[in-house]
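Protein chains in written order, with the numbering used here: chain A, -10 to 71; chain B, 2 to 633.
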Amino acid sequence: MTLTELARRKPAIVEAVEDRAPNDPIARRLRELGFVAGEEVEVVASGPLGAEPLLVQVGFTRFALRRAEAARVRLRSFGSGA
Amino acid sequence: MNAAVAELHAKDMHAKSPRIALVGNPNCGKTALFNQLTGSRQKVANYAGVTVERKEGRLTGPSGRQYAVLDLPGAYSLNAASLDEAVTRDLIRGFYPGEPAPDLLVCVVDATNLRLHLRFVLELRAQGKPMLVALNMADAARRRGIAIDVEALQRELGIPVVETVAVQRGGADALVRQLEASVAMPHEALPGLPADADLHAEVRRLLSLAVSMPRRTAAIDDALDRWLLNPVVGLLVLGLVMFLIFQAVYAWATPLMDLIDAGTAWFGGAVSNAMPEGPLRSLLVDGIIAGTGGVIVFLPQILILFAFILALEESGYLPRAAFLLDRSMAAAGLSGRSFIPLLSSFACAVPGIMSTRSIQDPRDRIATILVAPLMTCSARLPVYALLIGAFIPARKVGLLGMNVFNLQGLVLFALYAAGVLSALAVAWLMKKWRRDKSEHALLLELPSYRIPHPRDLLIGLWERAMIFLKRVGGIILALTILLWFLLSFPGAPAGAAGPVIDYSFAGRIGHAMTAVFAPIGFNWQICIALIPGLAAREVVVSSLATVYALSVSDDAAAQALSPLISSGWSVATALSLLVWFIYAPGCISTLATIKRETGSWQKVVVATVYLFALAYAASFVTYQVAVAMGAG
């Protein structure tokens, strides 16, 4: 499951951020911003058109991510989480 | 010690004043801390060769020692993802050409956002430079019940940590004391983490040791975001905020603008009375005073607009507006971040284009810069006002017998709407034709809401006002002098029958231009007025007045321009000129700003050519249709 499929206001745990291309700069930046294995994330809100962008809480910070960016964040499936 | 030696000594001190660099994540309150440390003793410029803003200020410590303080662009990481971050990275490493490496890094962190900001502290620490940490917004952290064990944090990091409150008088005193101590101390390299260390794991360890957080976000942020990001309420509030800004820009500025106008007229009159008649007086009064006055008159509008934009920026609302609009703007080939530059362009495209620096994706930035001139800037308002007043009847119109709309107001609204729609269409076309289709990133942080601090607003306003006056003032002044020359020389030969202006360079150019502009209904007077309109659009009005004043012998008729053109021009010509000004190609200051901000003449040529082509095509259609309908 990826962050785009996560229901709103439902906390989940990050498994990994996947590169879309070799040395994907967007994936690298997501990791730097705190999207790393074991971190709790939550979709807080979404934009008015086409549910884009997503407002995602990670750590103490909120980021607006377009769906293509959020799709790089793979979540732990239920049961294997923290 | 005699005076010469003292001066030499002072120079020596100046050269040796230690360089302090403020670094930190965006939204850590770094600029507020910079303002607190340096007050108004700041210098704003660009880094050599790039359009990244460079802010330097001076600080005098309690010991009397002078420090040069540099406010580096905000960065999330030393793996630079934007031009701003690249400047920060190179400067910290001492690689930036012409910039000596800082003697001390002050890493500013938001005490309420340590999960994110401590990672950057660790990354910076690994650089092995002398540094200390400013734990900023300590007051906000305390209010939220966040307990931070500064001692433990300092011990674990191995570098000094000082609490600061950038928005409070004396809130940086402890930092200044630590700064003096740190600079005086010999630097020893830190036993850093191994190169492949997991910084996130280390941050978690530090947080568990030194920080206790009752909840992850501020309750007030959650409550505000629930409403302000709501698809319905949020958009309504955004619309209301924009409406308020426009009302303020047009309503509040008017008395000030009238005052400046009156002041310019008085000053011109005074100079005129004090000097003998001649070319020098004409240059001073008609050229320089009237020309620069015509630009400075827009300063109130620009300042009011920027006061709002700065307040919205400081409060944290702007990223929310970008969040709400991102999807719709991305569809047109722009980004949510384009919203602010385009909003600013309604006052003037120059500050609008300057504020595109906050757009990280270079393609989005170029697209925004190229469509910014399509936003109806305030300089077009005098032209619209003149033409609408002269040609559009002031009657009520409406639907189904409800005549509630003022026809003149509707035309004005239609002109604004046409500008916005054209901008969206042009941006969409550019997106279609772009070769580089790779993904555009948003990755936008929505920071905590904050109450803007008056000091930071005033310093910000002062900076923008100076940039506007310096940049635009210089160009306008030069062109005004040139235009005055073209209109005044050569004089009419002795015994000439026609008006003097016919013999001037500008008059000849105007007549030659009608060959091109006749199909869109422009007469030679309009053509002449278009030339100074290149310098500043609103000058078209005063130029038309000058042209008609110089080209008719009847002085009384030249007094009032509006009846003169309404009897002299056809409705088709007036409509065509109105449409021309939706696109208004070539305001020189805008083109100069595009050159400055993109560093590319090619972009300037593209902008000029497409704006001119659109203006000509739209005016041509308008004129020909109007003539065919009997308005010629």
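For glycine and all other residues, C-beta sits at the position ideal for the given N, C-alpha and C.
What separation, rounded to the nearest whole angstrom, lies between the Cα atoms of residue i and residue j?
i	j	result
Asp8/A	Arg18/A	11 Å
Val122/B	Ala308/B	33 Å
Asp222/B	Arg216/B	12 Å
Leu311/B	Ala627/B	44 Å
Ala386/B	Arg51/A	45 Å
Gly600/B	Pro11/A	31 Å
Val372/B	Ile360/B	14 Å
Glu278/B	Met376/B	42 Å
Asp174/B	Ser83/B	33 Å
Ala558/B	Asp287/B	Only weak support is given to the placement of Ala558/B: the predicted model assigns it a pLDDT of 42, under 50, and the question is left unresolved by the model.
Val6/B	Ala46/B	In this prediction, Val6/B scores a pLDDT of 49, lower than 50, which makes its location untrustworthy; no coordinate-derived value is stated.
Gly418/B	Val412/B	The identity of residue 418/B in the sequence shown is Ala, whereas the question assumes Gly. Looking at the two C-alpha atoms, the distance is approximately 10 Å.
Val427/B	Pro101/B	43 Å
Thr265/B	Val540/B	14 Å
Trp267/B	His454/B	38 Å
Val30/A	Arg61/A	13 Å
Gln560/B	Ala546/B	Low local confidence applies: a pLDDT of 47 at Gln560/B is under 50, so the model's placement there is unreliable, with the coordinate-based value given in what follows. Cα-Cα distance, rounded: 8 Å.
Ala479/B	Val250/B	28 Å
Arg(-3)/A	Leu44/A	10 Å
Leu241/B	Asp457/B	25 Å
Gln409/B	Pro394/B	7 Å
Phe518/B	Thr255/B	34 Å
Ser554/B	Tyr504/B	Since pLDDT at Ser554/B reaches only 48, below the 50 mark, its modelled position is unreliable, and the value read off the structure follows with that caveat. Distance between the alpha carbons of Ser554/B and Tyr504/B is about 15 Å.
Val238/B	Leu229/B	7 Å
Hey, out of the options, whose CA is closest to residue i's CA?
i	options	result
Val162/B	Leu319/B, Cys349/B, Asp150/B	Asp150/B
Val24/B	Ser64/B, Val110/B, Ser568/B, Ile303/B	Val110/B
Ala59/A	Ser64/B, Ala466/B, Ala442/B, Phe414/B	Ala442/B
Thr594/B	Thr218/B, Arg358/B, Ala102/B	Arg358/B
Glu41/A	Ala332/B, Ala82/B, Leu229/B	Ala332/B
Leu73/B	Leu115/B, Glu446/B, Cys29/B, Gly65/B	Cys29/B
Leu38/B	Ala224/B, Gln169/B, Arg143/B	Gln169/B
Leu117/B	Pro374/B, Ala614/B, Leu208/B	Leu208/B
Ala34/A	Val62/A, Ser66/A, Glu4/A, Arg55/A	Arg55/A
Gly75/B	Thr61/B, Arg66/B, Pro27/B	Pro27/B
Pro491/B	Ile482/B, Trp602/B, Ala507/B, Ser78/B	Ala507/B
Gln625/B	Thr609/B, Tyr617/B, Ala573/B	Ala573/B
Ala632/B	Trp570/B, Pro19/B, Thr609/B, Ile566/B	Trp570/B
Ser283/B	Pro256/B, Thr293/B, Gly269/B	Gly269/B
Arg364/B	Leu306/B, Gly420/B, Trp434/B	Trp434/B
Do residue j and residue i have their beta-carbon atoms positioned less than 8 Å apart in this structure?
i	j	result
Ile160/B	Met186/B	no
Ile297/B	Pro352/B	no
Ile290/B	Val272/B	yes
Gln127/B	Val107/B	It is Ala, not Gln, that sits at residue 127/B in the sequence shown. Not in contact: Ala127/B and Val107/B (Cβ atoms no closer than 8 Å).
Phe347/B	Leu326/B	no
Ala323/B	Leu445/B	yes
Arg381/B	Arg538/B	yes
Ile583/B	Leu416/B	yes
Tyr450/B	Leu313/B	no
Leu105/B	Leu180/B	yes
Ile2/A	Arg65/A	yes
Ile589/B	Leu535/B	yes
Ile246/B	Met355/B	no
Phe392/B	Ala575/B	yes
Ser182/B	Glu164/B	The sequence given here has Ala at residue 182/B, not Ser. Taking 8 Å as the Cβ cut-off, Ala182/B and Glu164/B do not qualify as a contacting pair.
Ile521/B	Tyr617/B	yes
How would you list, in chain order, the residues of chain A whose beta-carbon sits under 7 Å from the beta-carbon of residue i?
i	result
Arg381/B	Those do not exist, as Arg381/B stays about 30 Å from chain A at its closest Cβ, beyond 7 Å.
Thr369/B	Near Thr369/B there are no residues of chain A at all, since even the closest Cβ is about 17 Å away, more than 7 Å.
If the cut is a Cβ gap below 8 Å, which residues of chain A does residue i touch?
i	result
Leu443/B	Pro42, Ala53, Leu54, Arg55, Glu58
Thr218/B	Gln46, Phe49, Arg51
Glu314/B	Here the premise fails: no neighbours, minimum Cβ distance about 16 Å.
What residues of chain B sit near residue i, judged by a beta carbon separation below 7 Å?
i	result
Val25/A	His201
Ala34/A	Asp226, Leu230
Leu38/A	Arg328, Ser329
Residues from the stretch 0 to 21 of chain A in contact with chain B, defined by Cβ distance under 9 Å: Arg9, Ala10, Pro14, Ile15, Arg17, Arg18, Leu19, Arg20, Glu21
Name, going along the chain, the residues of the stretch 78 to 93 of chain B whose beta-carbon falls closer than 7 Å to a beta-carbon of chain A. Ser78, Asn80, Ala82
Scan the stretch 231 to 255 of chain B for residues whose Cβ lies nearer than 9 Å to a Cβ of chain A and list them as they occur along the chain. Asn231, Pro232, Val233, Gly235, Leu236
Any residues in the stretch 107 to 129 of chain B with a beta carbon nearer than 8 Å to a beta carbon of chain A? Which ones, in chain order? Thr113, Asn114, Leu115, Arg116, Leu117, Arg120
Taking Cβ-Cβ distances below 7 Å as the criterion, which residues of the stretch 443 to 463 of chain B are in contact with chain A? Leu443, Leu444, Leu445, Glu446, Leu447
Using Cβ-Cβ distances below 9 Å, what residues of the stretch 323 to 348 of chain B are close to chain A? Ala323, Phe324, Leu325, Leu326, Asp327, Arg328, Ser329, Ala331, Ala332, Gly337
Where the stretch 582 to 615 of chain B meets chain A: residues whose CB sits under 7 Å from a CB there: none
Listed in chain order, which residues of the stretch 429 to 440 of chain B have Cβ atoms closer than 8 Å to some Cβ of chain A? Glu440
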